[in-house]
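Read the structure below first, then the notes.
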Amino acid sequence: MLVCLLVSSQVYANSLDVNIAFLTQVRPIPAALSNLDPVLKDEGIQGAQLGAKDNNTTGQFTGHLYHLKMVEVAEEGDVSLALESLINEGYQYVIVDLQKGSLLSLSAIANEKNVLLFNVSAEDSELRNSSCRSNLFHIIPSYDMRADALAQFMLKKRWNKWFLVKGHSPDDLSFAKAIKRSAKRFGMKIVEEKSWSFQHDTRRTAQAEIPVFTQGADYDVLLVADVKGLFGDYLSMNTWLPRPIAGTQGLVPRAWHRTHERWGAAQMQNRFYKQADRWMSDVDYASWLAVRTVGEAVTRAKSIDSAAIKKFILSEQFSLAGFKGTKLTFRSWNHQLRQPVLLATPRSIVSVLPHKEFLHPLTYLDTLGYDKPESTCSFNP
Amino acid sequence: MNKYLLLLTLFVSTSFADTLYITLEKDNALAVVDGANGQLIKTVPLGQRPRGLALSKDQTLLYVAASDDDTIQILDLKTLKVVGNLPAGEDPETFRIHPNGRWLYVSNEDDNIVTVVDLDKKTVITEIAVGVEPEGIAISSDGLWVVNTSETTNMVHWIDPMQQRITDNTLVDPRPRAAEFSVDNQSLFVTSEIAGSLSRINVSNKQVEQQLSFHIPGVDKELIQPVGVLAHPNKKLLFVALGPANRVAVVDVQNMKVIKYLLVGQRVWNLAFSPDLTRLYTTNGVSNDISVIDLESLKVTKSLRVGHYPWGITVKND
Chain H
139 MLVCLLVSSQ VYANSLDVNI AFLTQVRPIP AALSNLDPVL KDEGIQGAQL
189 GAKDNNTTGQ FTGHLYHLKM VEVAEEGDVS LALESLINEG YQYVIVDLQK
239 GSLLSLSAIA NEKNVLLFNV SAEDSELRNS SCRSNLFHII PSYDMRADAL
289 AQFMLKKRWN KWFLVKGHSP DDLSFAKAIK RSAKRFGMKI VEEKSWSFQH
339 DTRRTAQAEI PVFTQGADYD VLLVADVKGL FGDYLSMNTW LPRPIAGTQG
389 LVPRAWHRTH ERWGAAQMQN RFYKQADRWM SDVDYASWLA VRTVGEAVTR
439 AKSIDSAAIK KFILSEQFSL AGFKGTKLTF RSWNHQLRQP VLLATPRSIV
489 SVLPHKEFLH PLTYLDTLGY DKPESTCSFN P
Chain Z
15 MNKYLLLLTL FVSTSFADTL YITLEKDNAL AVVDGANGQL IKTVPLGQRP
65 RGLALSKDQT LLYVAASDDD TIQILDLKTL KVVGNLPAGE DPETFRIHPN
115 GRWLYVSNED DNIVTVVDLD KKTVITEIAV GVEPEGIAIS SDGLWVVNTS
165 ETTNMVHWID PMQQRITDNT LVDPRPRAAE FSVDNQSLFV TSEIAGSLSR
215 INVSNKQVEQ QLSFHIPGVD KELIQPVGVL AHPNKKLLFV ALGPANRVAV
265 VDVQNMKVIK YLLVGQRVWN LAFSPDLTRL YTTNGVSNDI SVIDLESLKV
315 TKSLRVGHYP WGITVKND
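Quick mapping for you: the protein sequence lines, in order, are chains H and Z. Under this note's numbering, read the first sequence as residues 139 to 519, first letter to last. Under this note's numbering, read the second sequence as residues 15 to 332, first letter to last.
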């Protein structure tokens, strides 16, 4: 199924068209226990649309007209075919909101055809290391960046002893792996590690099961890896010892959060809410940044050719303002966007990481995620 | 002899008296400060989230942008009571008054427009579409140019006030904030918050001709975020507020080089001179105070608590 959508804008005499596609795939709706949060049908797309609108406001002065096309592939559909047809239509910039597996099949095609892909939702470490591709840019912070943000915060709080609880999905295991890497990196100790395997409805049994489940080891903080939110929300206040929860629930590392208002973010929140009638998610923020990356590069490089844009994005001249108090740039060794990570509880921002005390010879932002010497990406220069 | 000296000092201090008006963003209030003595005289209630402010040309009225009330309030300077409102569009932030004393240009950050207000009729003359998140406004003293910076579009928009429309655009470093014309109106200075730089634009061809990056030993470069900028009428010096770097840079305009960094309060936003040019005042958003700088020695002489989130500042010659 293909859905076509054009972002309208004022017509500029002799304007150059810049075509950006947003490629997503229908995913099975996760069987979350909590039915509190509505499932977002337009996640990412709203962010991309706002980005295109912002680009077009600039475009009226530079003579560029940005078009955004949305392509949604069915759950069983072939994303490669969708990408091929976009390429045939002349699309050189594709925002990809896809799972790791689908993404891997696309990146080879993109490299061959000089198409730039912008990953806005897959946080997996492998995509940035052994499976990295030169034409695949990662806008969303990786699990490793998020876990490092948590570890830095814990180090400062001296909450050095961690109890790790993880779910069974591949994403849970990826995030748990990132947590273990961060623990090692920042000298934290995982004193206990358990997998959540209860089959009951946690809403009914949390009070009975969780105290027993968390009994035993002494620890400072409980780290949870439950990406889909199947049980993590019920850990808080139910642990045997009175301890804070962090990870996928409790204190959560985020790319964006509805309570973020510093560095001009309040304006962004207003604009987004006005457009979407809901708050901006991490994927919306990443999608906005992806469209803005293309816009910023087109404006400054004065070109719409993908090879020139790629070169510019990776150059010293490129920087993006993303309402986080510092310029955002790409890492040359894995094409991940450098950015601060927000540590948030549901209704507040607790801290913005990295803190300045975490020193780095190049930029303090590189204390989050895989740094150059650690990267196993093949094009790591 | 002693008595004579005392009289002389008294005479000197009263003849150079000035009053500072400072918006307090989080107190919804205006702080009134005696500049010569460095004392808070009083605090007056204002609308919600007051930010930009300016005196009328005849110095009898004070205009204050109450951002969250979507208006510019008019205060009688004698009574400091609100005597009226101006239609200012949504979320007015920074504004300037044209040298003709009649046109007011205000940036509306959420709507990507600059609203032009007629101060006599209290009506909107026009709305000018600009880039994303318009911020700084500057007007050349000869009245020929109004410029507006847009934070996300990263441009300086050149508005011709005779036509009330944009005639040119200049691309600058990321997140441009404040702009200031040189005293002779030949150059325009623009600060870029995220890039940590100051650009000097040639007004005749609208091209960036020089750039300056700030470096402070021991201060992380990410913390150096230039915001307010002010040109000294001596044409030699330029002052740049560096936000969370908690410093004001003193720039030699001729060579575009920093002479000195002055340590002031936290998150320094905006700047103003005393009318006799002996002092420079800074508003410091996080430390809730203002710093007073002696312009002859280029030293910070005083800091004064004024209220929560001091933002804008304007000075009246008494």
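Even glycine gets a Cβ: it sits at the ideal position worked out from N, Cα and C.
### Query
Residues in its own chain within less than 6 Å of Z/D83 by CB, not counting five upstream and five downstream?
G61 and Q62
### Query
Name the chain Z residues whose beta carbon is nearer than 7 Å to that of H/N408?
D124
### Query
Going by other Cβ atoms of all chains shown within 10 Å of its Cβ, with 16 needed for buried, is Z/D72 buried or exposed?
exposed
### Message
For a contact defined as C-beta to C-beta under 7 Å, what are the partners of H/A135 on chain Z?
### Response
The shown model of chain H, from 139 to 519, leaves out residue 135 of chain H, and the question about it has no answer.
### Query
Taking any Cβ of chain Z, which residues in the segment 186–198 of chain H have a Cβ under 7 Å from it, in chain order?
D192, T195 and T196
### Message
So if DSSP puts H/N518 in a beta bridge, which residue, or which two residues, is it bridged to?
### Response
None, per the DSSP bridge assignment.
### Query
Helix, strand or coil for H/G385 per DSSP?
strand
### Query
In the segment 172–200 of chain Z, which residues sit with their C-beta less than 7 Å from some C-beta in chain H, listed in chain order?
N183, L185, P188 and R189
#### Entry: Of the listed residues H/W334, H/N298, H/S335 and H/F336, nearest to H/K318 (C-alpha basis)
H/N298
### Task
Over the uninterrupted beta strand (DSSP E) stretch that includes Z/P106, give me the two end residues.
P106 to I111
#### Entry: Proximity to H/F256 [Cα-Cα], best of H/V329, H/F160, H/R396 and H/V209
H/F160
### Nearest-angstrom Cα separation, counted from Z/V161 out to Z/A193
8 Å
### Message
Can you tell me which residues form a DSSP beta bridge with Z/H171?
### Response
Z/N162 and Z/N183
### Task
Mind checking the segment 458–469 of chain H against chain Z and listing, in chain order, the residues whose C-beta falls within less than 8 Å of any C-beta there?
L458, A459, G463, T464 and K465
### Message
Determine, for H/T397, whether the minimum Cβ-Cβ distance to residues of chain Z falls below 8 Å.
### Response
no
#### Entry: Listed by chain order, chain Z residues near H/K299 by CB distance under 9 Å
None at all; the shortest Cβ gap to chain Z is about 31 Å.
### Query
Just how far apart, CA to CA, sit H/Y229 and H/L254?
9 Å
### Message
Looking at the secondary structure, which residues open and close the beta strand (DSSP E) in which Z/Y35 lies?
### Response
D32 to L38
### Query
Can you list the residues of chain Z that H/Y502 reaches, using a CB-CB cut of under 8 Å?
D234 and E236
### Task
Could you list which residues in chain H have their beta carbon closer than 8 Å to that of Z/T296, in chain order?
Within 8 Å Cβ-Cβ: nothing; Z/T296 doesn't reach chain H, min ~20 Å.
### Query
Helix, strand or coil for H/D235 per DSSP?
strand
### Message
For H/S243, count the other beta carbons within 10 Å of its own beta carbon; 16 or more makes it buried, fewer makes it exposed. Which is it?
### Response
exposed
### Message
Under DSSP, the beta strand (DSSP E) around Z/W325 begins and ends at which residues?
### Response
P324 to N331
### Task
Can you tell me which of the three DSSP states Z/S27 falls into?
With a pLDDT of only 46 at Z/S27, under the threshold of 50, the placement of this residue in the model should not be trusted, and no figure is reported.
### Query
Is it the case that the Cβ atoms of H/S280 and H/G507 are separated by a distance below 8 Å?
yes
### Task
Would you list the one or two residues that DSSP bridges to H/H276?
H/N257 and H/Q474
### Task
Only counting runs of 3 or more residues, tell me where the beta strand (DSSP E) segments fall wholly within the segment 415–500 of chain H, in order along the chain.
479–483 and 486–491
### Query
What does a CB cutoff of less than 7 Å around H/S486 pick up in its chain, not counting 5 residues either side in sequence?
T397
### Message
Using the Cβ count rule (16 or more neighbours within 10 Å means buried), how would you classify Z/V122?
### Response
The residue you asked about is not Val; residue 122 of chain Z is Asn in the sequence shown. Classification for Z/N122: buried.
### Query
From what residue to what residue does the beta strand (DSSP E) around Z/N216 run?
S211 to N216
### First through last residue of the alpha helix (DSSP H) which encompasses H/I317
P308 to R323
#### Entry: Reduced DSSP category for H/Q407 - H, G, I as helix; E, B as strand; rest coil
helix
### Message
Quick check on DSSP: helix, strand or coil for H/K510?
### Response
helix
### Residue from H/M326, H/F324 and H/V490 with nearest C-alpha to H/L389
H/V490
### Query
Could you give the distance in angstroms between the alpha-carbon of Z/L19 and the alpha-carbon of Z/R293?
At Z/L19, the pLDDT of 49 sits below 50, so the modelled position is not reliable; the number obtained from the coordinates is stated separately. Computed Cα separation, rounded: 22 Å.
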